[in-house]
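Chains as they are written, first to last, in this note's numbering: chain Y, 14 to 369; chain A, 14 to 369. Ideal Cβ placement from N, Cα and C applies to all residues, glycine included. Encoded as structure tokens, the structure appears first; notes follow it.
Number of protein chains: 2
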Amino acid sequence: MFSQKLEKLTTYEAGKPIELVVREYGIKPKDIIKLASNENPYGCSKKVQEEVSKIVDQMSVYPDDSMYELKEALSKKFSVNDKNIIIGAGSDQVLEFAIHAVEPKKVLMANTTFAMYEIYAKHIGAEILKTESNFHNLDEFREKLSDNPDIIFLCLPNNPVGECLDWNDVEKFIQEVDENVLIIIDGAYQEYASFKNSNKKIEPKDILKYKNILYTGTFSKAYGLGGMRVGYGIANEYIISNLYKLRPPFNITTLSLKASIVALSDEEFVNESIKNNFIEMKRYEEFCKEKNLKYIESYTNFITIFVEDSTKLSDKLLKKGIIVRNLAGYKMNAIRITIGTTKQNDKVFEILKEMV
Amino acid sequence: MFSQKLEKLTTYEAGKPIELVVREYGIKPKDIIKLASNENPYGCSKKVQEEVSKIVDQMSVYPDDSMYELKEALSKKFSVNDKNIIIGAGSDQVLEFAIHAVEPKKVLMANTTFAMYEIYAKHIGAEILKTESNFHNLDEFREKLSDNPDIIFLCLPNNPVGECLDWNDVEKFIQEVDENVLIIIDGAYQEYASFKNSNKKIEPKDILKYKNILYTGTFSKAYGLGGMRVGYGIANEYIISNLYKLRPPFNITTLSLKASIVALSDEEFVNESIKNNFIEMKRYEEFCKEKNLKYIESYTNFITIFVEDSTKLSDKLLKKGIIVRNLAGYKMNAIRITIGTTKQNDKVFEILKEMV
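Set out below in structure tokens:
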């Protein structure tokens, strides 16, 4: 009954909520520190919480499907036209639209990068091409151009590794790529990268002049709305109008729409989160130096630390109620830790120092 | 750059929010009566509102992607196993998974039925087969079996028409269809239909014995959570495990997950909504009889009324702040009105009686 392509796909097994697993070790929910999904440890803006609370009686009502207000706010923020914007249920969904719209035979990405590129590409049976390095190495991308990818993914900065290319270098690369190849620039952590180093900053309006660039951004990270599933794509009208053809109506919730609109009006919360993030990140870097652990300089809200045995270490941390991401699945003997609040990080250092 | 299939697709143009249009006529938001999208006019359960309000500080946190609690609650309600359940961002998304999983060459549906069947099927370039009648006529479906559809859609009860087949008749039909053809039974309005007439009731557990039946349900209608985008599919493990391969992680929001779990614990709200719906529907039927308007007996929360000129009438209603669905796009000279609250319906009758 089902398409043959499904046979090659493995089911994404979420398993029991990790909180339940931790509770099996007798740890109280309030004592669990989850630093595994790069959520904003400062939560989200109080203004957003207030405004969303006010409209819980509107949960029965479909959202405004034109997403007029949200697009207005994004247009203003990025100095682009509303016709250059598409909203997705997370930027994931914009990636999904793009992949289904192009139906690529081959896609190209860094060896270690955001898992959904490969997952969505496999949904339509595309061949996955990867560069050799875990980092984005543009020379390796150049070499692979002769394999004729239809889509190239650049994750800037790169999840789950943390590094980030300079925009100048990316722009040179873009100019070497055939105009018929769609280049997707995933800027999920751009707010962090551009704060740390202006050379990493991508201005979405600068990509509009290219025929073949799609920029994606999200409210899940710096804006602290990971649970609300709102992201966006920015590109020229030709690209956006094509992606729009595959967008299901009402693809974000009524409360998510409100949350993201209000979030854009409270940049102070975002800036404060980012500032704190890098103050706390310094503590992780110092911890690593003290302990002689190799880490990757990060332009995000997480840090990737190489360890002796990442699987053993993550398990040991789990038993203490600290949830981190084991990167063994990416063939990296490393753990990825979301930078938490001062209090959370204190606890992490206290426990981690006994283990490494 | 884009797949050729896109050329045949038209963009879903949401346009300006209809509330803005009405405001252009100088009508205050509080005076607008929107009876166009079959939302629950009683909103959603107060318990749901309370519980969602309590977790607005959790908007930064991704939902439990196993959806353990929600599946537990649905399993209990429908006496099925959690492996028989998949959750979608609205039942729409479950339909989308099914269509992408089967990749049908041809799909079969009633002439007038839920628009998304055709839209999603076109996304993958399928040929659309339709029966002649606007109603579901199983003999017409039988005739079309020789055209070899890969998916058959049955909308029970049928949106936007309102009629509903008896389960006994549907079951006979199922047994005549080749086991390799996926039959999707869309039960978005089942809570209403089964309340009105037990012959219309579909027990999802009864479909598990068939190799090829997928049942879909939603929280958007009787449960009053249209804005929260939560639906579900129920089928045998073979079907569900295949659909699961195409499910993106975190496909509903943290607040939607909470809302739907709590909604299932407040059946009193649902029953009260349904009871009121049919009390008020009687008033529409009586109004139609008085005015000599033909209407379709409805098993849903809306009523389809044939009029002299549905486009003119919907426009006239719009100018008075009443938003209904004009079915001219479905080639029916009729309007579809969601059954509102007593107060809303009073206003509708007051205005409508001067127009028809």
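For a minimum of 3 consecutive residues, which ranges assigned as the beta strand (DSSP E) are wholly contained in the stretch 114-153 of chain A? 119-122 and 140-143
Using a Cβ cut-off of 7 Å, pull out every chain A residue sitting near T266/Y, in sequence order please. G240, M241, R242, T266 and S269
In three-state terms, what does DSSP make of F15/Y? coil
Interfacial residues, the stretch 32-52 of chain A to chain Y, with Cβ spacing under 9 Å: E32, L33, K47, S50 and E52
Where do the ends of the alpha helix (DSSP H) carrying F362/Y lie? T355 to L365
Taking Cβ-Cβ distances shorter than 7 Å, what residues in chain Y pair up with E116/A? S16
On the CB-based measure, 16 or more other CB atoms within 10 Å of its CB, does P54/Y come out buried or exposed? buried
Mind checking Q203/A: buried by the 16 CB within 10 Å criterion, or exposed? buried
Could you compute how far the alpha carbon of S58/A sits from the alpha carbon of Y245/A? 19 Å
Looking at D328/Y and the ligand PLP, is the gap between the Cβ and the nearest heavy atom below 7 Å? In the structure shown, the ligand PLP is absent, as is every other ligand, since no ligand is present at all.
Segment limits, alpha helix (DSSP H) that includes F186/Y: W180 to E189
Could you name the residues of chain A that K209/Y contacts, counting a contact when the two beta carbons are closer than 7 Å? Correct list: empty, because the minimum Cβ distance to chain A is about 21 Å.
Could you tell me whether the stretch 156-164 of chain A touches the stretch 115-123 of chain A, using the rule of 3 or more Cβ pairs below 8 Å? yes
Beta-bridge partners of A341/A, as assigned by DSSP: A341/A pairs with nothing; no bridge assigned.
Residues that K47/Y bridges to, as DSSP identifies them: I336/Y
I'd like the span of the alpha helix (DSSP H) that includes D199/A, first residue to last. Unbroken run through D199/A is the beta strand (DSSP E), L195 to D199; no alpha helix (DSSP H).
Inter-residue CB distance, P380/Y and T313/Y (contact presumed, cutoff 8 Å): Any property of residue 380/Y remains undetermined from this structure, which presents chain Y solely from 14 to 369.
Positions along the stretch 63-92 of chain Y whose CB lies within less than 7 Å of some CB in chain A: V65, S66, V69, D70, Q71, M72, S73, V74, Y75, P76, D77, D78, S79 and Y81
Residues in its own chain within less than 7 Å of A86/Y by CB, not counting five upstream and five downstream? I274 and L277
Are G175/Y and S286/Y touching if we call contact CB-CB under 8 Å? no
Against E109/A, what residues of chain Y qualify as contacts under a CB-to-CB distance less than 7 Å, listed in chain order? P261
In its own chain, which residues sit with a C-beta less than 7 Å from the C-beta of I348/A, not counting the 5 before and 5 after it? I318, V320, S323, L326, S327, V337, R338, N339 and L340
Quick test of your reading: V61/Y and I45/Y, contact by CB under 8 Å. State the CB separation rounded to the nearest angstrom. That pair is no contact at about 24 Å.
DSSP on G230/Y, reduced to helix/strand/coil? strand
Same chain only: Cβ atoms within 7 Å of A134/A, ignoring 5 sequence neighbours per side: I112, P117, V120 and I141
Going by other Cβ atoms of all chains shown within 10 Å of its Cβ, with 16 needed for buried, is T23/A buried or exposed? exposed
Would the beta-carbon of N51/A fall within 8 Å of that of N249/A? no
Comparing C-alpha positions only, which one of E63/A, I137/A, L178/A and V69/A sits nearest to M241/Y? V69/A
Closer than 8 Å to chain Y by CB, A139/A: no
As a quick exercise: from K271/A, L270/A and T266/A, pick the residue whose alpha carbon is nearest that of A272/Y. T266/A
Short of 8 Å in beta carbon distance, which residues of its chain neighbour L221/Y, apart from the five on each side in sequence? Order them along the chain. V93, N97, I247, A248 and N249
Let me know the secondary structure DSSP gives C168/A once reduced to three states. strand
So, helix, strand or coil for R260/A, using DSSP? coil
Counting Cβ pairs closer than 8 Å, one from the stretch 223-238 of chain Y and one from the stretch 253-262 of chain A, do we hit at least three? no
Same chain, Cβ closer than 8 Å to Y343/A, neighbours up to 5 away in sequence not counted: T125, N147 and P173
Taking 8 Å as the limit between beta carbons, can you name the residues of its chain near K157/Y, skipping five residues before and five after? L121, L142 and T144
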